[in-house]
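In the numbering used here, the protein residues as written are 106 to 1266. Yeah, the Cβ is synthetic: ideal placement off N, Cα and C, and Gly gets one too. First the structure, in the form of structure tokens, and then the observations on it.
Here you go:
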């Protein structure tokens, strides 16, 4: 047992939590350096001196007196100076020097060294130590800033002069008060460190109080161990007393009975040093300087080096971060595979075997080119006649190589190669661990392939031997992933008990402690997800912590290179926008991302279990690895239930490089997964996902929606059918983002496609579900040129269902049924009875929206609604002009905008309307300044309304009165506070109000200087002109300004980079739609379109935001080319854009620009 105790001290030393307490007995090991007969006295010998000082050589008997009481009596009898002189004479400090034993002792990596001795032997010994530095603390004032190095703490005073020496009863009684800082330091050390006592009897009253305080507060079982090193046997009675105080005796006489006391101490320190160095060597694993490994080292030598490293590996189940740099260096030197094919087959196998084992230790997946190279070597051997001459050892190594290649093919998702490799593996050659490795590979393959039933069956059939401590962790991890949480917890709890029993026998074992770390962390993951208060903690302190390792990976992977912000808004995949911002670029290393995924897999930790996440490193990992390991990254996104990072794999940048056929193949696979997920989700888990299937249900709809923008019509139909099955099932709510799929599908379906599928569209439920983001897909249907005629049987069934829902349902479901009927009225031919029914339903609720719908349904019957819509919209604007609170429900004036050109302008009180609109602009400017995007939209819509009203007056040749002009000026003045010096306002005033202050030269200069916001306002103005069919030729000033705007917009596009073209390009298109004469600028415009053909091509180096910006420019450019084509302009450049629009590998938004079709797109 004594040797085990020494090992435990050595482990504590290695982990930097062992402290030393040195007592008076150790001073006897000092070397005499002067001629003197003095010697160091122990506690009993010093007490004899005190006794003789007070009583002489005669007296009542020394055995009846307390040592501290004797010291107190000396002070009282002869005074404190005499007492201290006795002490100084009893401790011949300068006549002695520290011996070799002292130096050896101080060379040990103690956290701190405490001593009750007054001599300076420890300090002087420390001066001889070259590999460590000590701070000496002789009084409590020295404690300040002393912990930047190990300390020698003189608890009872120090020679030559520091007073008082702690010796009397009164000194001990007042010590906790006078030296509170020292007491706190010792107690803290006892709390945190293993203590080793040398030359210390453990009878010191202060020490007894200190350990008593520890036991009272923590209990003996929770206290750190204290070891008393004794050079001679200790009486059994005293040993038992020490044991009661939680002090373990290490009997050196029992270990080395034939040695003298000095040699015993030397042997103890040598043994301690040996074990510390062994532990340090093991912890450091290897010394790079001794490897002699270079890039061009021959393969036999590399094999020997790897074999040595593999055999000496300490045993952690994951490579600690502290080893990363060394291991990375070795891997870099192993990178050179030149001439590998020219060495013998035996040498190749030996090299590959050690290589795959070393890569497994390093936690780095084997790169695909190396995987293929190794497989080729093994396959070439198969035709060799010498195959049978190779021994069992070589055959075993081949099998191990195949195993690791198999895992690589699973990570790469190369399933055909996986199966081919699997056929090469022969169970007969595999030991237990390798058989479990193979079984785990197959289970993970089923997981990656979403073979739910097979995976569940394999896990239930996975038989592990009693005593296995690693593979149960892997099994439990997969159970947890598929939602079998209780099975996972039970397995982990059982194996944790087993690991801890082994740790009691082998404390500090790297393999066991790293397994314990992983199991405890995973159990806590599971229990937090189950909202269980009971958690686990590691019973063994280790310098390798799972959470610390995880955090280091995340910190490294998330190190960002700061950059300037590029966009104020975030464009979404479907070309809508949200008001967010991204900054910086990731510059992490691909290998660390690979190793992070392997680290999580080896330790059984997913990015998410139930509602507990560990996703700090997810974004960088997926960003780095998606180009190389797409399926592995997909699995992480699905497991993490993460929609935020889908762009990294399914953004426009990634999809642009794929052909339609490739996207179709991907869509087929994901639809297969989608259907499996549908079968395995549980309806009751719609809110908290508890398995990979339920987590995938949250993410898959978003992925499938993105594929709609590029796949073929056949695949679109398969997607449509699958979504219909889902929406009619009881698990619809488990799936999030269904609306996105509808949006993608109906974007991809042409008008004819939608007509052909109208009956299927009407099979979808009439419902709204906020949890799944489900809405009736009919809201996405395009308004046809001519209404569809439904089969009478289908018509009657659909109308009956809608009417029943309106009659019986409440709230959102009833409104969904009303909405379906409203849309149907615009898409199919309703009979008169059903149309009257719809009107009656809408009339019951006199909302602004309902009035607008009724007017659209029957303009003649609901003629009066126009005025009411106008008045109700003004009321809404007044409500939206509240400066105290922003009304999120407002800002929608589209009902008025939609019917504005039908309004009888002569019956409108323009002055009153302009006052309301002006106040709306003024009051919402503060909300714009507070970055409220809805406020900007309110103001933009107010501008559209004002322009519509002005154009209506112009169209009817009704001049503005002076009062009305003042109101128009007031509105534009308010607007100019937001659009500083806007040329749009100047131009509109000149064209429709007063041109006396308008100067063309200034106008021309301002066009060049206008920002995107100002150009956007002008574009909106031209959109209003187009909607109202107002001809540019009807207003000379407008025509002149338009020609100038058109010309400069083209030149701005030609002269600027693609990422600054959007606003000018949109304006150019808006002016072209208004039938600007192209004759003078056509050649320049064609050059511009040619430039945009190349510049709008999405590149792999583009960010997702850049790609979306380019796509928007490409769509507008294609529409401009179509306008030229429709006008009969012949050009190779226009034909080039036509071919682009017909290219099936383009995104659907481009293919929707159909050149040879008239009417609405």
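Take residue i and list the residues in its own chain whose beta-carbon comes closer than 8 Å to its own, dropping the five residues that flank it on each side.
i, result
"residue 1256", "1246, 1247, 1248 and 1249"
"residue 1171", "1120, 1121, 1124 and 1221"
"residue 1189", "1152, 1155, 1156 and 1159"
"residue 1252", "757, 760, 761, 814, 815 and 1216"
"residue 133", "144, 145, 147 and 304"
"residue 402", "410 and 438"
"residue 819", "769"
Considering only DSSP beta bridges, list what residue i is partnered with.
i, result
"residue 123", "299"
"residue 240", "256"
"residue 461", "Answer is none; residue 461 lacks a bridge partner."
"residue 137", "201"
"residue 714", "717"
"residue 356", "335"
"residue 893", "933"
Could you spell out the range, first to last residue, of the alpha helix (DSSP H) harbouring residue i?
i, result
"residue 1029", "1015 to 1034"
"residue 1149", "1141 to 1160"
"residue 219", "Not the alpha helix (DSSP H): residue 219 falls in the beta strand (DSSP E), residues 218 to 220."
"residue 1167", "1167 to 1178"
"residue 411", "404 to 417"
"residue 625", "615 to 634"
"residue 332", "Residue 332 -> not in any alpha helix (DSSP H); beta strand (DSSP E) instead, spanning 331 to 335."
"residue 1234", "Unbroken run through residue 1234: none, as it is neither H nor E."
"residue 320", "310 to 323"
"residue 1187", "1187 to 1200"
"residue 1094", "1088 to 1097"
Less than 8 Å between the CB atoms is what I'm expecting for residue i and residue j, so what's the real figure, rounded?
i, j, result
"residue 127", "residue 304", "6 Å"
"residue 535", "residue 504", "6 Å"
"residue 699", "residue 469", "6 Å"
"residue 658", "residue 722", "6 Å"
"residue 869", "residue 829", "6 Å"
"residue 1084", "residue 1118", "6 Å"
"residue 644", "residue 608", "7 Å"
"residue 1126", "residue 1089", "6 Å"
"residue 354", "residue 335", "6 Å"
"residue 726", "residue 627", "That belief does not hold up - the Cβ atoms of residue 726 and residue 627 are roughly 19 Å apart, past 8 Å."
Taking the alpha-carbon of residue i as reference, which of the options has the nearest alpha-carbon?
i, options, result
"residue 1018", "987, 1053, 1084 and 203", "1053"
"residue 1047", "381, 308, 982 and 258", "982"
"residue 224", "270, 502 and 1081", "270"
"residue 552", "797, 435 and 385", "797"
"residue 537", "314, 573 and 510", "573"
"residue 807", "787, 835 and 844", "844"
"residue 217", "294, 1088, 564 and 182", "294"
"residue 1030", "454, 1043 and 1020", "1043"
"residue 900", "866, 205 and 139", "866"
"residue 959", "992, 827 and 923", "923"
"residue 107", "356, 114, 549 and 467", "356"
"residue 478", "1091, 928, 1000 and 441", "441"
Whose C-beta lies closer than 6 Å to the C-beta of residue i among residues of the same chain, with five residues either side of it excluded?
i, result
"residue 1157", "1169"
"residue 302", "126 and 333"
"residue 801", "743 and 782"
"residue 695", "729"
Would you give the residue range spanned by the beta strand (DSSP E) that residue i belongs to?
i, result
"residue 876", "Taken as a continuous stretch (DSSP letters only), residue 876 belongs to no beta strand (DSSP E), as it is neither H nor E."
"residue 368", "Residue 368 -> not in any beta strand (DSSP E); alpha helix (DSSP H) instead, spanning 366 to 389."
Take residue i and list the residues in its own chain whose beta-carbon comes closer than 7 Å to its own, dropping the five residues that flank it on each side.
i, result
"residue 1142", "1095, 1096 and 1100"
"residue 346", "none"
"residue 95", "Absent from the structure is residue 95, since the part of the chain shown begins at 106 and ends at 1266."
"residue 1186", "1151, 1152 and 1155"
"residue 840", "802, 806, 831 and 877"
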